[in-house]
Amino acid sequence: MQDPKSGVKSQTQRLVITTIPHAITGEDIVAWIVNRFKIDATEARAMGTMMVAFGYIYPLQDHKRLILKPDTSLYRFQTPYFWPAQQWPVEDTDYAIYLAKRNIRKKGMLELYEQEQYNSLYKWMNHKWDFIVMQAKEQYRAGKERKKPDRVVFDCQERAYWVVHRPPVRNIWTEYRPYGQFKPRVKSSVSIGAIVKYATTYKEHDPLLHSCLPSNPWLTDDLVLIKHLIKVECWTFSFGELLMDPRGRADFRLFLKKEFSGENLAFWEACEDLKWGAAETMKEKAQQIYKTFLARGAPRWINIDGKTMDITVKGLAHPHCYVLDAAQTHIYMLMKKDSYGRYLKSPVFKETQRKAIAPEPHRFTRRPSLSPIILRQQEEEQKAKLAASGPVDITQLCRFTAPVPHLAVYTGICEAQSTASPGLMTLPNSAACPSPISVAIDSTPASERRFDGNGGPSSSHFPSIAEASVSEEENQTPALKSRMTLSLSRLLRRGCNGPSVFASLSPKCAVVSGGGKVQPLGVEPLAQPQPRRIANFFQIKVDIPPECRIYPIDSEDEEDDSPNAARGGVKEIICPWETVTKKDGAG
Amino acid sequence: MGKDECKTMLDALNKVTACYRHLVIALGSTSDSQNLREELKKTRKKAQELAVANRTKLTSLLKDKNISKDDRAEYERLWVLFTSSVELLEVDMKRSLEIGQDFPLKVPTRHLIQTGMTGSTTTVAARAMSVQNMKYEADANIDTVDLKELETEIAQVDQMMEEMEMKVQVAPWAVEAKQEAGAELKSTVSVGNSSVGVISICEEEPKETVEGETGLMKVFAGVIFTAVLLIAGILGYLVINL
Numbered sequence: 001m002q003d004p005k006s007g008v009k010s011q012t013q014r015l016v017i018t019t020i021p022h023a024i025t026g027e028d029i030v031a032w033i034v035n036r037f038k039i040d041a042t043e044a045r046a047m048g049t050m051m052v053a054f055g056y057i058y059p060l061q062d063h064k065r066l067i068l069k070p071d072t073s074l075y076r077f078q079t080p081y082f083w084p085a086q087q088w089p090v091e092d093t094d095y096a097i098y099l100a101k102r103n104i105r106k107k108g109m110l111e112l113y114e115q116e117q118y119n120s121l122y123k124w125m126n127h128k129w130d131f132i133v134m135q136a137k138e139q140y141r142a143g144k145e146r147k148k149p150d151r152v153v154f155d156c157q158e159r160a161y162w163v164v165h166r167p168p169v170r171n172i173w174t175e176y177r178p179y180g181q182f183k184p185r186v187k188s189s190v191s192i193g194a195i196v197k198y199a200t201t202y203k204e205h206d207p208l209l210h211s212c213l214p215s216n217p218w219l220t221d222d223l224v225l226i227k228h229l230i231k232v233e234c235w236t237f238s239f240g241e242l243l244m245d246p247r248g249r250a251d252f253r254l255f256l257k258k259e260f261s262g263e264n265l266a267f268w269e270a271c272e273d274l275k276w277g278a279a280e281t282m283k284e285k286a287q288q289i290y291k292t293f294l295a296r297g298a299p300r301w302i303n304i305d306g307k308t309m310d311i312t313v314k315g316l317a318h319p320h321c322y323v324l325d326a327a328q329t330h331i332y333m334l335m336k337k338d339s340y341g342r343y344l345k346s347p348v349f350k351e352t353q354r355k356a357i358a359p360e361p362h363r364f365t366r367r368p369s370l371s372p373i374i375l376r377q378q379e380e381e382q383k384a385k386l387a388a389s390g391p392v393d394i395t396q397l398c399r400f401t402a403p404v405p406h407l408a409v410y411t412g413i414c415e416a417q418s419t420a421s422p423g424l425m426t427l428p429n430s431a432a433c434p435s436p437i438s439v440a441i442d443s444t445p446a447s448e449r450r451f452d453g454n455g456g457p458s459s460s461h462f463p464s465i466a467e468a469s470v471s472e473e474e475n476q477t478p479a480l481k482s483r484m485t486l487s488l489s490r491l492l493r494r495g496c497n498g499p500s501v502f503a504s505l506s507p508k509c510a511v512v513s514g515g516g517k518v519q520p521l522g523v524e525p526l527a528q529p530q531p532r533r534i535a536n537f538f539q540i541k542v543d544i545p546p547e548c549r550i551y552p553i554d555s556e557d558e559e560d561d562s563p564n565a566a567r568g569g570v571k572e573i574i575c576p577w578e579t580v581t582k583k584d585g586a587g
Numbered sequence: 001m002g003k004d005e006c007k008t009m010l011d012a013l014n015k016v017t018a019c020y021r022h023l024v025i026a027l028g029s030t031s032d033s034q035n036l037r038e039e040l041k042k043t044r045k046k047a048q049e050l051a052v053a054n055r056t057k058l059t060s061l062l063k064d065k066n067i068s069k070d071d072r073a074e075y076e077r078l079w080v081l082f083t084s085s086v087e088l089l090e091v092d093m094k095r096s097l098e099i100g101q102d103f104p105l106k107v108p109t110r111h112l113i114q115t116g117m118t119g120s121t122t123t124v125a126a127r128a129m130s131v132q133n134m135k136y137e138a139d140a141n142i143d144t145v146d147l148k149e150l151e152t153e154i155a156q157v158d159q160m161m162e163e164m165e166m167k168v169q170v171a172p173w174a175v176e177a178k179q180e181a182g183a184e185l186k187s188t189v190s191v192g193n194s195s196v197g198v199i200s201i202c203e204e205e206p207k208e209t210v211e212g213e214t215g216l217m218k219v220f221a222g223v224i225f226t227a228v229l230l231i232a233g234i235l236g237y238l239v240i241n242l
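Chains as they are written, first to last, in the UniProt record's numbering: chain A, 1 to 587; chain B, 1 to 242.
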């Protein structure tokens, strides 16, 4: 480009006294680019503008606007030191020195943006300021050693460089300056301490760092939300953890219900819904919340202080999704400081803790897991059903709480019954198949054989057999659900059991009582979950959407196999009788 | 005293760093030449010597445990000055290496950028070396030979800086500046007396040379003085004669 013959035509710039060579006009540049790259004028102009914008060429007049004007305005090449090609970092120290030099030259009359930059740099580079002043003065003096035209050129060059790298724009941009410049500073010891604390607290609970039982959500598709000890332990870390976990929240809700302060949590949830829900219904939601929780004489009146109430009421005149933020924070703090502490000491929580189990690892058997989309749909439908079924205490996820009979309880099978003797069940299972009536009879020997291994407590199950064959089934099924159970046998057994026993049992609450009867018999903690589970097992929702029946064959077994017990509505127990046909077909 | 010595040495280092920067900016442009490369080399070497001397002095001062708090604060301030100078020097050295490699001189056709600078940088270098005239005795292939040396020197400076950081425990952000904002303007009064005038371009108004003003004032003062002398002489003559 500089070739005297084929490059851009070079001219001299004439100033008042001096003439400086090597100036080029805009139009010459454009013409040369057009010629060289065989492109049209507009593109050449754009290319030239880019060159100027980056700083390879700088304008001599109108130096603040970095564009290429295709007329007789003059430009000059920038010295390689100031090229951006090498991508050297643009230092603030250099900029400060430049501003100081400029200050000297202009005798304190800097431009507005320059003055602002100067002041801000003085503030945060204060420790280096002596150096900057010294260096500026020295550089200024050294610059004076050169001849006049060179000095002019030098000044122009430097100025152009800084126009490129510190553009003279409005104040807005100063906010985007180096991160630490305007933010309040936190001591690094404090922040590092917080990180260390977080890491040590959550180290055990992170599936990525620590082996997660029963199955690592990063590896499997299961949305297994089992409530085992480690998870429950998480709830003790912070109130936020408790609320984020749906099971925790459910547990907390139960506790609050007992304390008759459930409206706090309900209000908090309603606020969350307002914040994150659909925008179109936002106004109605806000009004609804006000009517339900905040208005005087409201059905679920929450207790917030007068100032917050004032702010909220004022905000509700022009509602937006964060209008209830103040009140929500207040209630959150209230719950955190008050209810949370009591919850952790409450019998509800202690019960939960006691029941929380250490699950066994997942044995990865091949099965098609249901797509999360379908699972989510099922969840939605369940939730809709629950919502529709009235304002009953919604503890749907917790299999450890007393199961409400008429509610569908989607609880998986609990832990594997390690007490169950491994290989015994197959035969009796198949034996149990033939007729439903003979099931009870057959189950006796089966359970006999079964519970021989279990020892004393198991024999206590026998008297209950007379009472209801159901209980046997109940006893049997958990025992059967050990790891070693062959899927096929279980299929058959359940298939046989299904039609007869379950059909008669499903709507009855006797199931619960049956479970209840068995319950006191079991002494070990293991026995206790069993009847519960059986009870749950029997509570089958008749309105299960068809898709869920697709997978039951395998997943049910997986449920049995794995201790991934109660999945929150993800893998429910399918009505066995409805899967009979499928199983038979599959089997 | 130790402090004054330090200060003078630091001033010298500062001066050389500033001149070095000027020289590096001229690299690759039309004012580049054999001489420039030689100047760069010499300036660089001088800067390094000064840096080493400064370092030893300052480290010995700082290691002394029996100094008062004020003294210590002052030394820390000087230390920050020193480190900033050396950082600047190092950056310029690295940049000069890159540009030097990009713009070789020993090629049949030199491709130097026409930046408009055509003068030589002798005077700047002379200032840096504190000599009246620069002597050029380097051989023809200084640019390639010099570059290798430059690389080793950069490595040395790097190492020195690392050592400095490890050995001397000074928190740079704890130092408070003695100068306030706009301090450079104060001392420019003396600076302004020598030639300042820079002709601005286009939108900036052309500035008058302060030189002219002060010179004028001097002339004026001289005139008045002579006039007073004359009057005194005449009066004396009259007194004597009368």
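Heads up, the beta-carbon is just placed ideally off N, CA and C, and yes, glycines get one too.
All values derive from a computational prediction rather than experimental measurement.
Go through its chain and collect everything with a Cβ distance to A:Glu241's Cβ below 8 angstroms, but skip five positions before and after it. So the list reads Cys234, Trp235 and Gly248, once near-sequence residues are dropped.
Specify, as a first and last residue, the run of the alpha helix (DSSP H) that A:His205 falls within. It is not in any alpha helix (DSSP H) - A:His205 carries neither H nor E in the DSSP assignment.
Can you look up A:Phe77 in the DSSP assignment and give me helix, strand or coil? Note: A:Phe77 maps to strand in three-state DSSP.
Kindly list the residues whose CB is nearer than 6 angstroms to the CB of A:Lys285, restricted to its own chain and excluding five residues on each side of it in sequence; keep chain order. Excluding sequence neighbours, A:Lys285 sits near Leu274.
Could you list which residues in chain A have their beta carbon closer than 8 angstroms to that of B:Pro108, in chain order? Residues of chain A whose Cβ lies closer than 8 angstroms to the Cβ of B:Pro108 do not exist, since the nearest Cβ in that chain is about 14 angstroms away.
When the cut-off is 8 angstroms and only beta carbons count, does A:Gly180 lie next to chain B? In this prediction, A:Gly180 scores a pLDDT of 49, lower than 50, which makes its location untrustworthy; no coordinate-derived value is stated.
Determine whether the Cβ of residue 265 of chain B lies closer than 8 angstroms to any Cβ atom of chain A. A query on residue 265 of chain B cannot be resolved here, the shown segment of chain B reaching from 1 to 242 and no further.
Supposed close pair A:Trp83, A:Tyr56 - CB separation, criterion 8 angstroms: Here A:Trp83 really is in contact with A:Tyr56; their C-beta atoms are around 6 angstroms apart, less than 8 angstroms.
Taking 8 angstroms as the CB-CB limit, is A:Gly143 close to chain B? Chain B, which has a Cβ nearer than 8 angstroms to the Cβ of A:Gly143, makes this yes.
Taking Cβ positions, are A:Val348 and A:Lys258 nearer each other than 8 angstroms? Yes, these two residues count as a Cβ contact at 8 angstroms.
What are the partner residues of B:Ile113, as DSSP defines its beta bridges? Per DSSP, B:Ser29.
Could you check what DSSP says for A:Ser311 in three-state terms: helix, strand or coil? Per the sequence shown, the amino acid found at residue 311 of chain A is Ile instead of Ser. Helix at A:Ile311.
For the stretch 145–155 of chain A against the stretch 113–121 of chain B, do three or more pairs of beta-carbon atoms, one drawn from each stretch, fall closer than 8 angstroms, so that the two count as touching? Touching, per the Cβ criterion.
With the cut-off set at 8 angstroms, would you say A:Trp162 and A:Tyr98 are in Cβ contact? A:Tyr98 is positioned such that its CB atom lies closer than 8 angstroms to that of A:Trp162.
Considering only their Cβ atoms, is the gap separating A:Leu60 from A:Arg76 smaller than 8 angstroms? Pairing A:Arg76 with A:Leu60 gives a Cβ-Cβ distance under 8 angstroms.
So is A:Ile331 in contact with chain B if we call contact Cβ pairs under 8 angstroms? For A:Ile331, the answer is no, since every Cβ of chain B falls outside 8 angstroms of its Cβ.
Going by beta carbon distance, what residues of the same chain come within less than 8 angstroms of B:Asp71, once the five residues before and after it are set aside? Hits under 8 angstroms: Lys3.
A:Tyr140 - DSSP class collapsed to helix/strand/coil: Collapsing the DSSP output to three states places A:Tyr140 in a helix.
Against chain A, with Cβ distances strictly below 8 angstroms, would residue 252 of chain B count as a contact? As displayed, chain B neither begins before 1 nor continues past 242, which places residue 252 of chain B out of reach and without an answer.
On the DSSP bridge list, what partners appear for B:Ile234? Looking at the DSSP assignment, B:Ile234 forms no beta bridge with any residue, so it has no partner.
Alpha carbon to alpha carbon, how far is A:Leu265 from A:Cys321? Give it in angstroms, no decimals. Spanning the two alpha carbons is a distance of roughly 18 angstroms.
What residue does the beta strand (DSSP E) around A:Tyr58 start on, and which one ends it? It spans Ile57 to Pro59 - the beta strand (DSSP E) in which A:Tyr58 sits, taken as one unbroken run.
8 angstroms Cβ cutoff met for A:Asp71 and A:Gly108: Result no, Cβ atoms of A:Asp71 and A:Gly108 do not sit closer than 8 angstroms.
For chain B, check one thing: does any of its Cβ atoms lie closer than 8 angstroms to the Cβ of A:Glu114? Answer no: the Cβ-Cβ gap between A:Glu114 and chain B never drops below 8 angstroms.
Identify the contact partners of B:Asn14 in chain A, using a Cβ-Cβ distance below 7 angstroms as the criterion. By Cβ distance, chain A contributes Met134, Gln135 and Glu138.
Please report the distance separating the alpha-carbon of B:Val16 from that of A:Lys101. Straight-line Cα distance between these residues: approximately 17 angstroms.
Given that A:Val153 touches chain B, what residues does it touch there, using C-beta distances under 7 angstroms? Thr115, Gly116 and Met117, listed in chain order.
Taking only beta-carbon positions, decide if A:Thr174 is within less than 8 angstroms of chain B. With a pLDDT of only 49 at A:Thr174, under 50, the local geometry of the prediction cannot be trusted, and the value read off the model is given with reservation. No, A:Thr174 lies away from the interface with chain B (no Cβ there is under 8 angstroms from its Cβ).
Is A:Arg185 close to chain B? Criterion is C-beta to C-beta, closer than 8 angstroms. No, A:Arg185 does not count as interfacial toward chain B.
Would you kindly work out how many angstroms separate the C-alpha atoms of B:Met217 and A:His165, rounded to a whole number? Their backbone Cα atoms lie some 42 angstroms apart in a straight line.
Chain-order list of residues whose beta-carbon lies under 6 angstroms from that of A:Phe293 (same chain, five-residue window excluded): The answer, listed in chain order, is Phe267, Arg300 and Ile302.
Considering only C-alpha positions, which residue in the set B:Ile154, B:Thr30 and B:Cys19 is nearest to B:Thr43? Nearest option by C-alpha distance: B:Cys19.
One question on the structure: do B:Lys94 and A:Asp130 come within less than 8 angstroms of each other, judged by their Cβ atoms? Their beta carbons are not under 8 angstroms apart, which means B:Lys94 does not touch A:Asp130 by this criterion.
Is the stretch 84–100 of chain B close to the stretch 140–153 of chain B, with three or more CB pairs under 8 angstroms? Yes: the two stretches touch, three or more of their Cβ pairs being nearer than 8 angstroms.
B:Asn35 beta carbon less than 8 angstroms from that of B:Thr123: It is not a contact, given that the beta carbons lie outside the stated cut-off.
Residue span of the beta strand (DSSP E) that contains B:Thr123, given as start and end: Per DSSP, B:Thr123 belongs to no beta strand (DSSP E); it is in the alpha helix (DSSP H), Thr122 to Met129.
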